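Q: Residue 7 is where the sequence shown starts when you use this note's numbering, and the numbers rise one by one after that. All C-beta atoms, glycine included, are put in the ideal place defined by N, C-alpha and C. Given the structure is predicted, the values throughout are model-derived calculations rather than measurements. After the structure tokens below, expect a handful of questions from me.
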Amino acid sequence: MEHWGIEGMWAGLVASLLAGMATGLGALPVLVTSELSRKAQDRMLGFSAGVMLAATSFSLVIPAMELVRGQGHDGLSAALRVAAAVLAGGLFLRIWHDLMPHEHALKGHEGHGGAKWNSVLLFVLAMTLHNFPEGLAVGVSFAAPQPELGMSVALGIGAQNIPEGLVVALALRATGASATRAAVLALLTGLVEPVGALVGLGALSLSSALLPWGLAFAGGAMLYVISHEMIPESHRGGFEREATTGLMWGFVLALVLDMSLG
Numbered sequence: 007m008e009h010w011g012i013e014g015m016w017a018g019l020v021a022s023l024l025a026g027m028a029t030g031l032g033a034l035p036v037l038v039t040s041e042l043s044r045k046a047q048d049r050m051l052g053f054s055a056g057v058m059l060a061a062t063s064f065s066l067v068i069p070a071m072e073l074v075r076g077q078g079h080d081g082l083s084a085a086l087r088v089a090a091a092v093l094a095g096g097l098f099l100r101i102w103h104d105l106m107p108h109e110h111a112l113k114g115h116e117g118h119g120g121a122k123w124n125s126v127l128l129f130v131l132a133m134t135l136h137n138f139p140e141g142l143a144v145g146v147s148f149a150a151p152q153p154e155l156g157m158s159v160a161l162g163i164g165a166q167n168i169p170e171g172l173v174v175a176l177a178l179r180a181t182g183a184s185a186t187r188a189a190v191l192a193l194l195t196g197l198v199e200p201v202g203a204l205v206g207l208g209a210l211s212l213s214s215a216l217l218p219w220g221l222a223f224a225g226g227a228m229l230y231v232i233s234h235e236m237i238p239e240s241h242r243g244g245f246e247r248e249a250t251t252g253l254m255w256g257f258v259l260a261l262v263l264d265m266s267l268g
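So, in structure tokens, the structure goes:
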């Protein structure tokens, strides 16, 4: 183990677990109602995207830059190295996305209710893809020398998981899942986050010199999710203005949270 030791690993795993469980917390209202306007859903998705965007910028990419410069690199050299890691994280998510099962691969499930179960399964797989980099980000941030960095990322991810959990559960209800199944599946999609944290912490246990690359890689993966999934989804219902307002509020909240913990 490196400087952050077993305590940092356990802290990262526990924090990612709690952040993931926030998805289940957000899904609880679906047990009593399945009604929420598309405008409100888009606003919440925008809020979640804003929190993730701020966490990517202030808690992952910028600290990665500072760590690389601390290794003796000048500004341009550090920027190029961090940029390469960010692009690698985005490329990793793109490849993973391309390899995930899609409608053609699952066409065999037919019969009464088969199409609806396809939709549920595809949605759960998509959210698993979405939540893995969040867990990765929480895990690697707890390996940083500044303990407040990990707490900032975990709180930010947990905060955006609450409204996201409700949107996920409502989407599952719309595919025909029962209220209980929708809530449980929403929780399960969040519980993939400790897996992402474990992967990140396992890699960093090899050498603390990998920390800035891990932070930037996680930032790139999250940036891909924000741009490829969250923002387009929040605009799909025709409430772009509300989604953008939510994004800005989420970004500002995460900024204040990051600065207050720093």
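Tell me the residue span of the alpha helix (DSSP H) that contains Arg44.
A: Arg44 to Ala60
Q: Give the C-beta separation of Ala177 and Leu37 to the nearest angstrom, bearing in mind that I take them to be a contact with Cβ-Cβ under 8 Å.
A: About 15 Å separates the two Cβ atoms, so there is no contact after all.
Q: So, at 6 Å on beta carbons, what are the nonlocal neighbours of Ala121 in its own chain, with the 5 sequence-adjacent residues on each side left out?
A: Low per-residue confidence applies at Ala121: pLDDT is 48, beneath 50, and the placement is therefore not dependable, though the value from the model is reported in the following sentence. Excluding five sequence positions before and after Ala121, none of the CB atoms of its chain fall closer than 6 Å to its own CB.
Q: Could you tell me if Thr101 is buried or exposed, where buried requires 16 or more neighbouring beta carbons within 10 angstroms of its beta carbon?
A: Residue 101 is actually Ile in this sequence, not Thr. The residue in question, Ile101, is exposed, as its Cβ has fewer than 16 Cβ neighbours within 10 Å.
Q: I believe Pro69 touches Leu221 by the beta-carbon criterion, under 8 Å. Please report the beta-carbon distance rounded to the nearest angstrom.
A: 6 Å
Q: To test your reading of the DSSP string, which unbroken alpha helix (DSSP H) runs of 4 or more residues are found completely within the segment 161-186?
A: none
Q: Determine whether the beta carbon atoms of Ala25 and Ile163 lie at a separation below 7 Å.
A: Against a cut-off of 7 Å, the Cβ pair of Ile163 and Ala25 comes out as a contact.
Q: My guess is that Ala260 and Ala60 are in contact by the Cβ rule of under 8 Å, so how many angstroms apart are they, rounded?
A: 3 Å
Q: Give the secondary structure of Ala151 by DSSP, where H, G and I count as helix, E and B as strand, and everything else as coil.
A: Sequence check: residue 151 is Pro here, not Ala. Pro151: coil per DSSP, three-state reduction.
Q: Can you tell me whether Thr250 is helix, strand or coil according to DSSP?
A: Helix, per DSSP.
Q: What's the gap between the Cα of Pro238 and the Cα of Leu135?
A: Annotation: Pro238 to Leu135 spans about 16 Å, alpha carbon to alpha carbon.
Q: Give me the residue from Asp48, Glu199, Val20 and Gly18 with the minimum Cα distance to Thr251.
A: Asp48
Q: For the alpha helix (DSSP H) holding Ser83, just list the boundary residues, first then last.
A: Gly81 to Leu105
Q: Specify the secondary structure class of Glu41 as computed by DSSP and reduced to three states.
A: DSSP, read as helix, strand or coil, puts Glu41 in coil.
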